[in-house]
Each structure stands twice: as C-alpha cells, then as structure tokens.
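Residue numbers (the working numbering), protein chains in the order written: chain A, 2 to 292; chain B, 411 to 570.
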C-alpha cells in the first residue's frame with residue numbers, strides 16, 4: 002500500500018462535504034487526484050480523512066452567461082478542452098489546457114483541483130489571474146466569493162479555511178475582438194512550465210492598444226499581473242518597439258530561484274515570453290478587427 | 411485503523427466483487443487482487459504512464475486512482491486487447507514495427523493508443539506524438555512506436 006491509512010468518505014452533495022469538513026480532523030479533499038494522489042503515494046501528505054468529491058455531481062458543470070463563464074470545481078480539464086463553446090468564447094482557456102499535463106491526467110484532473118493545488122506554474126491558475134476570476138467557496142458557515150488576487154496566500158497555499166471547499170469559479174470572458182496568447186517554456190512538453198506568459202490585447206478604432214493584460218507564472222508563488230507594464234502599453238501603437246519595451250520591463254520583475262533554475266534565467270524567459278505573447282495577442286486582435 | 415469496503419468493478423467485461431482497503435490504488439487492485447499483471451507499475455506518481463488503463467472508456471493513471479473509486483465502473487486493461495492468442499491490429503503493428511524492446515511501457519502505450527485511435531481513426535504524426543507525451547519509453551526512442559501507431563490506424567481503417 003502506498004498511501005498511509007485514512008478513512009474514506011464519498012459524499013454526494015456539497016452540503017454533506019461541508020458537514021464533513023466542519024467535523025473531521027486532518028481531512029483532505031480529493032478532486033481529480035492528479036496532484037494529491039502522488040503526494041499521498043509519497044506520504045508527503047497523510048490525511049486521517051479523505052473526502053472524495055468525485056460523486057458530488059452538482060460540482061461539475063460549465064455555464065456561460067453573456068460575459069462570463071462559471072465552472073464547477075469538479076469539472077474535468079478534459080471537458081473544458083473538448084467544449085466547442087469554450088473553444089469559441091474563451092479560446093485562451095483551450096490554448097492553456099493544451100499545456101496541462103497529458104491526455105490521461107486531463108481526463109481526471111479538475112479545474113478546482115488545479116486551483117487549490119496552486120502550483121506556481123499551473124496554466125489554469127495563470128488564466129484565472131489573467132481574466133481576473135472569482136473563486137466561490139462553500140462551508141458550514143456559508144459561502145464566500147474570493148477575487149483571485151486574495152486567493153493565493155503563499156507558496157502552494159490558498160486562503161481557503163480548513164473547513165471550506167472550493168465550489169466553482171467565475172471567469173469574465175474576453176471581449177470578442179480581444180486577441181489572446183498563451184506561451185510557456187518547459188523542459189519537456191507536459192511538464193510544469195519554468196515560466197509561462199499569457200496576454201490579452203484589445204485595439205481601439207484607430208488601431209492603437211486600448212487595453213492590455215499580462216499574467217506571468219513561474220516568477221513568484223502566484224502569477225504576476227504587472228500593472229505598470231499593462232498600463233504603459235495603453236494608447237501605444239502596437240509595434241515591435243512597444244512590445245520590446247514591455248518585455249524589457251518584464252525582465253526587471255523579481256523572480257524566485259530554486260535548485261534547478263536560477264532567478265536570472267527566469268527573468269530572461271519572462272522577457273522572451275512576454276514579447277512573444279504580446280506579438281501573438283496583437284496578431285489575433287488585428288485579425289479579429291478585420292473580421 | 412483499517413478502512414475496508416466491498417466494491418464491485420467490471421474489469422474486461424467481467425464483474426468482480428472484492429473487499430479492499432480504501433487506500434488501495436487501482437493498479438494494485440488489478441495486479442494483486444485480480445492477478446491481472448499485464449498492467450505495469452512504474453513510478454507510482456503519475457509520471458511514466460506504464461499503469462494506464464481505461465475507466466469508463468477514458469485513459470487514466472491507475473496509480474492515481476483508488477480501487478474504491480472504481481466501484482460500479484467499467485475498467486479495461488491490456489488483457490482485453492487480444493482474442494486468445496490472436497493479437498489485435500494495434501498489438502500486431504507494435505510487433506511488426508518493433509514498437510517495443512523491454513516491453514515495460516507497452517501496456518500503458520497500448521491503452522493510451524486504444525482510446526486515441528477510437529477517437530481519432532485517422533491521426534497525423536504530430537497528434538500521435540502529442541498523445542504519447544504521457545507515456546515514457548526508455549528503449550525505443552519512440553520512432554518505432556509512432557510508426558506502429560500510424561500503421562495500426564491504417565489497418566483498422568481498412569479492416570485488415
């Protein structure tokens with residue numbers, strides 16, 4: 002047996018989940034299992050109680066409104082990847098999912114699981130930061146709506162209380178004319194990225210940049226939204242000089258280091274990937290403007 | 411503390427009922443409880459893909475699922491592919507193209523590709539390489555596996 006012993010619970014409703022989390026000590030919530038199961042097999046994580054969400058069917062859904070997409074926490078990454086409506090109305094999500102693990106892990110892995118695991122390089126976390134998503138929690142004491150900026154508390158640590166469960170997220174949809182890009186660098190396809198960069202660009206009637214958004218993963222414990230760089234792009238002509246200047250500023254952002262990747266290399270990647278992302282997002286925005 | 415449940419799982423068309431510890435992974439259940447040792451255990455943390463099986467028709471890492479999660483589900487392993495001694499077209503193509511050397515990764519490769527070829531009967535090489543990114547092979551360099559997959563797709567399409 003790889004995992005240490007635990008008591009297994011398979012509730013059917015969110016209410017039952019909340020009751021369990023309010024009463025059980027040292028409980029962990031199991032979503033798709035693509036991160037928690039390895040940690041349990043290694044015995045990095047040894048919960049006394051495992052609360053499996055896989056039978057809570059009310060937590061798996063995709064709902065579009067006019068300007069937002071609401072996703073249940075137990076929605077599989079696979080279901081987003083193969084949703085035609087996601088491809089049409091939130092194409093950056095599909096582009097990002099193409100980098101998430103592999104076919105077999107996306108078949109099980111969930112949106113909520115990825116967000117709560119909060120790996121610094123996770124693609125779904127990056128897109129949630131870029132789009133300014135809101136996380137919806139449930140607990141015995143009621144529900145909370147947490148803006149993404151307040152959700153990431155520390156390295157791989159969310160601001161969820163021990164008795165709270167993530168129920169779903171709302172992502173504001175990019176406007177139809179906005180161009181998007183998602184680029185990353187990893188040693189092997191499907192690995193966690195060393196640095197990832199996503200971008201959105203919207204052009205005004207004269208073809209200048211009306212709005213730009215950038216999210217960089219791999220520099221810090223959570224994706225960075227460089228407000229100064231985004232602001233400086235506003236009103237500029239979408240030319241190489243503007244993208245180059247933005248990329249040079251991205252290289253100046255603080256970057257963490259670990260045993261494998263130096264801070265200076267992450268900064269280098271931040272520059273290169275920001276430049277590529279802006280170019281690609283602009284190319285798509287220009288195409289959308291002409292359609 | 412031992413947490414035990416009785417589960418009923420349909421494996422390769424046969425319904426099996428067993429008492430299992432809830433912490434038992436699916437791959438250990440297949441190998442140790444059902445003696446279906448065709449499914450291999452490699453890394454046990456979801457990286458190598460050797461333990462890939464189909465649950466409800468979709469490919470999953472059997473080391474990252476608990477057996478208890480498969481209660482009431484349909485599981486297909488590599489043992490479901492051949493008919494007696496007769497290899498199925500995918501297995502035959504692997505043999506013909508030398509798509510394996512030591513064979514350790516092969517059960518996972520075959521189950522990943524079983525799902526893939528069902529959903530993509532006419533894939534191109536890039537699609538094959540993309541889907542195989544989740545299965546590690548340390549012998550072949552993948553070239554022969556890709557060739558076998560493309561040939562198998564052709565054979566299945568042509569019904570030979």
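We put the CB at the ideal spot given by N, CA and C, even for glycine. Predicted, not measured: the structure shown is a model, and the values here were computed from it.
What whole-angstrom Cβ distance do residue 415 of chain B and residue 432 of chain B have, given they're in contact under 8 Å? 6 Å
Contacting positions in the region 424-441 of chain B - beta carbon closer than 9 Å to chain A: 431, 432, 433, 434, 435 and 438
Beta-carbon spacing of residue 76 of chain A, residue 111 of chain A below 8 Å: yes
Just to make sure I have the definition right: I need the residues of chain B whose C-beta is within less than 7 Å of the C-beta of residue 261 of chain A. Which are they? By Cβ distance, chain B contributes nothing, its closest Cβ being about 16 Å from residue 261 of chain A, past 7 Å.
7 Å Cβ shell around residue 152 of chain A - same chain, five flanking residues per side excluded: So the list reads 136, 159 and 160, once near-sequence residues are dropped.
Looking at the unbroken alpha helix (DSSP H) that takes in residue 171 of chain A, where does it start and where does it end? Taken as a continuous stretch (DSSP letters only), residue 171 of chain A belongs to no alpha helix (DSSP H), being part of the beta strand (DSSP E) at 166-173.
Name the two residues that bound the continuous beta strand (DSSP E) containing residue 183 of chain A. Here the beta strand (DSSP E) through residue 183 of chain A covers 180-186.
If you reduce the DSSP assignment to three classes, tell me which class residue 112 of chain A lands in. Here residue 112 of chain A sits in helix by DSSP.
Taking contact to mean 3 or more Cβ pairs, one atom from each stretch, closer than 8 Å, check whether the region 219-230 of chain A and the region 417-428 of chain B are in contact. no
Burial state of residue 283 of chain A (16 or more Cβ within 10 Å): buried
Excluding the five sequence neighbours on either side, which residues of its own chain have a C-beta within less than 8 Å of the C-beta of residue 254 of chain A, listed in chain order? So the qualifying residues of the chain are 217, 220, 225, 227, 268 and 271.
Beta strand (DSSP E) segments (min. 3 residues) lying fully within the region 179-245 of chain A: 180-186, 196-204 and 210-218
Within chain B, partners of residue 27 of chain A - CB distance below 8 Å: Within 8 Å Cβ-Cβ: nothing; residue 27 of chain A doesn't reach chain B, min ~12 Å.
Is the Cβ-Cβ distance between residue 473 of chain B and residue 42 of chain A less than 8 Å? yes
Step through the CB atoms of chain B and report whether any lies within less than 8 Å of the CB of residue 276 of chain A. no
Against chain B, does residue 3 of chain A count as a neighbour if the rule is that its beta carbon must be under 8 Å from one of theirs? Interface residue, yes.
When you compare only the Cα positions, how much space is there between residue 557 of chain B and residue 530 of chain B? 16 Å
Round the Cβ separation of residue 22 of chain A and residue 140 of chain A to the nearest angstrom and send it over; I've been treating them as touching at under 8 Å. 7 Å
What's the call for residue 16 of chain A, buried or exposed, on a 16-neighbour Cβ count within 10 Å? exposed
Name the DSSP beta bridge partners of residue 534 of chain B, please? Looking at the DSSP assignment, residue 534 of chain B forms no beta bridge with any residue, so it has no partner.
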